[in-house]
Amino acid sequence: MYFKGIKGRWMANGIAFVILIVAVGIAAFSLAAYNYYYSAARTGLENKAQTAVEFFTTYVSKSYLEYYQSAYRYTESFKDKDSIEIQFVNTKGRVEVSSYGISAGSSPATPDIENALKNGKISYWKGVSSVTGERLMSVSAPMRHADGSIVGVMRYVTSLKLVDKKVFQITVIALAIGLLVVVIVLLSNIYFIKTITEPIHGLTLLAKKIAEGSYGIQAEKKYEDEIGDLTDAINEMSLKISQAERVQTEFISSVSHELRTPLTAITGWSETLMYDPEIKGDSQRGIAIISKEAARLTKMVEELLEFTRIQDGRFNLNIEQLDVEAELEDSIFAYGELLRQKDMDIEYTPSSQPVPNIPGDPERLRQVFLNILDNATKYGRDGKIIEVSIDRQSDYVVIRVRDHGPGIPPTELPFVKKKFYKGSSKERGSGIGLAVCDEIVTRHGGDLIIENAEGGGVRVTVRLPVSRS
108 MYFKGIKGRW MANGIAFVIL IVAVGIAAFS LAAYNYYYSA ARTGLENKAQ TAVEFFTTYV
168 SKSYLEYYQS AYRYTESFKD KDSIEIQFVN TKGRVEVSSY GISAGSSPAT PDIENALKNG
228 KISYWKGVSS VTGERLMSVS APMRHADGSI VGVMRYVTSL KLVDKKVFQI TVIALAIGLL
288 VVVIVLLSNI YFIKTITEPI HGLTLLAKKI AEGSYGIQAE KKYEDEIGDL TDAINEMSLK
348 ISQAERVQTE FISSVSHELR TPLTAITGWS ETLMYDPEIK GDSQRGIAII SKEAARLTKM
408 VEELLEFTRI QDGRFNLNIE QLDVEAELED SIFAYGELLR QKDMDIEYTP SSQPVPNIPG
468 DPERLRQVFL NILDNATKYG RDGKIIEVSI DRQSDYVVIR VRDHGPGIPP TELPFVKKKF
528 YKGSSKERGS GIGLAVCDEI VTRHGGDLII ENAEGGGVRV TVRLPVSRS
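Going from the sequence shown to the working numbering is simple: count from 1 and add 107.
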């Protein structure tokens with residue numbers, strides 16, 4: 108059977124082994140106690156029988172009358188009547204004299220009597236009484252005449268009730284001790300496993316947080332052992348990643364600011380030269396390309412600066428009551444001319460019910476809408492059509508943008524919102540636009556969902572709450 112986790116496997120294997128050992132120990136101890144007490148009872152009866160036979164040998168050698176008279180006197184004076192019954196049995200297996208009286212005249216026909224008469228040796232029997240249903244033990248010793256012939260059997264009979272009770276008590280005590288041992292081992296194992304699994308669980312959560320971008324966080328070191336060494340290694344890794352991330356952010360911020368000034372100059376002069384009547388032909392075309400590339404680089408620089416603000420914690424929202432439907436329609440209108448230049452069209456489906464105003468930052472949300480439309484234009488141009496819709500669903504306003512392009516490979520879908528992730532697409536870009544959009548939507552309390560649509564293309568869903576919690 109498969110048990111998930113270290114704790115489950117350890118408990119299943121370790122405790123099962125302990126239970127097996129304890130069970131074998133209890134069984135062996137109980138069997139030893141059983142053999143000891145039953146052997147002691149048998150030996151005691153055999154010794155009594157042997158002594159009594161030696162005593163009665165002289166009476167047997169004289170006459171049968173004197174033998175039976177002595178037997179009656181012996182049974183009357185027998186001191187252990189309360190626990191042992193003594194019987195004198197004739198050669199036909201019939202009880203002639205008994206210390207209990209009621210047994211006289213009966214014929215027990217047990218193996219010990221038969222064997223004593225047949226083999227001439229002390230014989231033993233253990234079983235259940237056919238009269239009372241009680242468990243009994245009996246020892247039969249042959250009585251011999253002077254000529255060596257067997258004249259009868261002296262039989263000792265005792266109840267096993269006290270012996271069984273003693274064996275049962277010992278077995279119960281052994282079970283209690285075994286159970287106590289199992290409980291102690293179980294508790295010690297639980298504590299020991301806890302000292303392993305809890306730190307590992309904490310390190311697992313820490314690693315997940317680091318993977319989500321929470322660099323620099325540290326785990327508490329609880330033990331000076333292998334787990335402690337692992338904690339130190341993960342803490343050092345987290346710290347170094349945080350330092351590398353900070354250096355990267357500072358570098359991006361510095362370079363972005365340095366690029367802003369020359370890009371502004373390039374953009375300004377290229378636009379001025381484009382309208383100079385003296386510049387014509389290839390020169391004018393080259394200046395147009397310069398202007399276009401400068402605009403693209405400017406957009407990339409702004410995205411990088413936005414990214415550094417998020418990383419540094421300087422990313423703020425100016426929340427106000429916002430007509431999100433109007434903002435979406437304005438974004439579509441602003442992007443319409445670019446789409447027409449690329450021979451593409453937008454199919455916009457407004458909500459079938461009134462869309463309420465929501466708390467949001469209009470500039471940031473417009474940035475999200477424009478970025479999603481820009482991606483749909485770049486990656487879905489083969490489809491020619493971009494579908495946009497807005498609707499209210501419960502406590503959310505839901506905006507959907509779908510293109511009809513080739514879609515995103517399933518292996519890349521989980522990473523498209525990660526910063527600097529470009530995937531297998533050949534389209535140019537910084538790889539942080541969707542990361543910024545996801546951060547903006549998340550800070551609005553919403554969700555940004557990117558998935559492949561049925562029939563081809565990519566569908567981007569933006570869910571924004573109607574009210575902020």
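In this text, a Cβ means the ideal position worked out from N, Cα and C, and glycines have one as well.
As the structure is a prediction and not an experimental result, all values here were calculated from the model.
Query                                                                                                                                                         : Result
For Met-381, which residues in the same chain have their Cβ closer than 8 Å to its Cβ, ignoring the five residues on either side in sequence?                 : Gln-391, Ile-394, Ala-395, Ser-398
Taking the alpha carbon of Val-462 as the reference point, which residue from Glu-436, Tyr-231, Gly-443 has its own alpha carbon closest?                     : Glu-436
Select from Lys-114, Glu-558, Leu-555, Val-565 the residue whose C-alpha is nearest the C-alpha of His-308.                                                   : Lys-114
Would you tell me roughly how many angstroms separate the C-alpha atoms of Ala-340 and Asp-545, rounded to the nearest one?                                   : 31 Å
Taking DSSP as the reference, what is the three-state secondary structure of Gly-151?                                                                         : helix
Out of curiosity, what's the CA-to-CA distance linking Tyr-442 and Leu-480?                                                                                   : 8 Å
Exposed or buried, Leu-411, counting other C-beta atoms within 10 Å across all chains shown (16 or more means buried)?                                        : buried
Give me the DSSP bridge partner(s) of Asn-559.                                                                                                                : Val-565
May I ask you to report which of helix, strand or coil DSSP gives Gln-325?                                                                                    : coil
Just list the residues that DSSP pairs Arg-242 with in beta bridges.                                                                                          : Val-235
Taking the beta carbon of Gln-474 as the centre, do at least 16 other beta carbons fall within 10 Å, making it buried, or is it exposed?                      : buried
Apply the 10 Å Cβ neighbour rule to Gln-194 and answer buried if 16 or more other Cβ atoms are within range, or exposed otherwise.                            : buried
Does DSSP classify Ala-351 as helix, strand or coil?                                                                                                          : helix
For Gly-552, which of Ile-465, Ile-317, Arg-575 has the nearest alpha-carbon?                                                                                 : Arg-575
Closer than 7 Å by C-beta to Ala-178: which residues in its own chain qualify, once you throw out the five before and the five after it? Chain order, please. : Phe-195, Val-204
Does the region 130-143 come close enough to the region 239-255 to have 3 or more Cβ pairs within less than 8 Å?                                              : no
Just the Cα atoms here: how many angstroms apart are Ser-247 and Val-292?                                                                                     : 50 Å
Straight-line CA distance for Tyr-322 to Asp-332?                                                                                                             : 25 Å
Assign Val-567 to buried or exposed, taking buried as 16 or more other Cβ atoms, counted over all protein chains shown, within 10 Å of its Cβ.                : buried
In chain order, what are the residue ranges of uninterrupted beta strand (DSSP E) at least 3 long that sit wholly in the region 114-150?                      : none
Out of Lys-406, Glu-409, Glu-470, which one is the CA nearest neighbour of His-431?                                                                           : The residue asked about is misnamed: residue 431 is Val in this sequence, not His. Val-431 has its Cα closest to that of Glu-470, out of Lys-406, Glu-409, Glu-470.
Does the beta-carbon of Met-344 have 16 or more other beta-carbons within 10 angstroms, so that it is buried, or is it exposed?                               : exposed
Assuming Thr-72 is part of the alpha helix (DSSP H), what are its boundary residues?                                                                          : Residue numbering for the chain in the displayed model covers 108 to 576; residue 72 lies beyond these limits and cannot be assessed.
Assuming Asn-559 contacts Gly-487 under a Cβ cut-off of 8 Å, what Cβ separation, rounded to an integer in Å, is found between them?                           : Their Cβ separation, rounded to whole angstroms, is 12 Å, which puts Asn-559 and Gly-487 out of contact at 8 Å.
Counting C-beta neighbours from all protein chains within 10 Å, is the total for Leu-445 16 or more, i.e. buried, or is it exposed?                           : exposed
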